[in-house]
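My numbering puts the last residue of the sequence shown at 188; the count rises by one with no breaks.
Here is the structure we will look at.
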Amino acid sequence: MTRWNDQESAGNGMFLLGALAGALVGAGVALLMAPKPGAEVRRDLTDGYSSVRDAAARRYRDIADRASQRFEEASAKFEEKVDQYKGRTTSTTTGDATSPSGMPHA
């Protein structure tokens, strides 16, 4: 069942990517076919490119921030587990101040 859901998710993602690519190509063709002077078309294309670039940069920053946050959380959990492990290892290797017979260590 999980495999089918993964395939469906990938299919949906590919469809959305194709739809986005089609929209961009359609917008580009519409700009080129519109009865505008060349300078105005170039300005429109530059504006569109700038907005797409800015949106991609924002998305990249969001993803990088989330990845950094998750890394920090995982690192903190790892450190906590290491400290717990060291605490167990230290108590088992050094033992208490008494021997198993109940007599104090020298």
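From the three backbone atoms N, C-alpha and C, an ideal C-beta is built for every residue, glycine too.
Own chain partners of residue i with C-beta closer than 7 angstroms, once the 5 adjacent residues on each side are dropped
i    : result
A112 : none
S157 : none
Of the listed residues the options, nearest to residue i (C-alpha basis)
i    : options             : result
R125 : A137, A138 and G110 : G110
Own chain partners of residue i with C-beta closer than 8 angstroms, once the 5 adjacent residues on each side are dropped
i    : result
V123 : L113, L114 and A116
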